[in-house]
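Structure first, then comments.
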């Protein structure tokens, strides 16, 4: 099964983050198109085999009116070449409706440009992105948190690493959630989706929806990212751990 979605955001299908390359160093602009994981809400949850998407790999949940999504992950050391590429480990929560969704997310943009890794913390609230200037290092333990109530929505990306700690947060109007995601999202430059950066493996832990370990949340399904011709790019592993709150994603192909 394929999950269809629009391309055109740095978090492809997740928000309005636009990547503009100036020389070898990308800069981010915040007035791009809105997006909302188009087609994800038609996913058949609890399928025996992983679903597929051309825009992301990870776990998707259909808990109605969830109050939060949280996950921790270690920033991988990218294996960059001269090709501009990217990926974004992300916790996200969709509010509104499937016909008119609002994206709320916390992420770190992992970009390869000019053979070097560029790591940028970012959040999206009600479809509007904000990019932090804090320094992120490979190996840092990050925590992505998105919360929602009838009166407020907030997205926070925090570095939990001793000596590197920071918290970058934005808030906006409230809403009601209908879908939650913990994923590696693709990156795009303008309307062109970038190749997936070689991140090796990302280990997610402490992953929860409304404070409940993701292995206890239903409905849910794993999603692999693949190209339109069927080449596997990101493989999503099963939910593991005694607490059923961990999983890994593995780079397979750009």
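In the working numbering, the protein residues as written are 173 to 426. All residues carry an ideal CB built from backbone N, CA and C; glycine is no exception.
Might you give, ordered along the chain, the residues of its own chain that have their beta carbon closer than 6 angstroms to the beta carbon of residue i, omitting 5 neighbours on each side?
i           : result
residue 248 : 371, 372 and 374
residue 263 : 241, 243, 278, 316, 318 and 354
residue 330 : 315 and 339
residue 377 : 244 and 418
residue 422 : 373 and 407
residue 203 : The pLDDT assigned to residue 203 is 30, lower than 50, so where the model puts this residue is not dependable, and the model offers no usable value.
residue 379 : 243, 354, 386 and 417
Of the choices the options, whose alpha-carbon is the least far from that of residue i?
i           : options               : result
residue 333 : 244, 234 and 364      : 244
residue 347 : 322, 355 and 359      : 322
residue 335 : 226, 344 and 311      : 311
residue 288 : 313, 299 and 252      : 252
residue 232 : 399, 352, 260 and 301 : 352
residue 394 : 345, 410, 324 and 308 : 410
residue 254 : 366, 424 and 405      : 366
residue 237 : 265, 272, 271 and 261 : 265
residue 302 : 392, 271 and 294      : 294
residue 290 : 363, 260, 402 and 392 : 260
residue 283 : 269, 270, 271 and 308 : 308
Using a threshold of 7 angstroms, state whether the C-beta atoms of residue i and residue j are closer than that.
i           : j           : result
residue 342 : residue 327 : yes
residue 258 : residue 426 : no
residue 292 : residue 281 : yes
residue 382 : residue 239 : yes
residue 385 : residue 415 : yes
residue 222 : residue 408 : yes
residue 320 : residue 267 : yes
residue 299 : residue 274 : yes
residue 400 : residue 226 : yes
Whose C-beta lies closer than 7 angstroms to the C-beta of residue i among residues of the same chain, with five residues either side of it excluded?
i           : result
residue 412 : 418 and 419
residue 313 : 244, 246, 332 and 333
residue 404 : 396, 398, 424 and 425
residue 230 : 353, 354, 355, 356, 395, 408 and 421
residue 250 : 282, 284, 289, 369, 370 and 371
Give me the Cβ distance between residue i and residue j, rounded to the nearest whole Å; I'm assuming they're in contact under 8 angstroms.
i           : j           : result
residue 397 : residue 228 : 6 angstroms
residue 304 : residue 325 : That pair is no contact at about 18 angstroms.
Only counting the same chain, and skipping five residues up and downstream in sequence, which positions put a Cβ closer than 8 angstroms to that of residue i?
i           : result
residue 306 : 293, 331, 338 and 340
residue 402 : none
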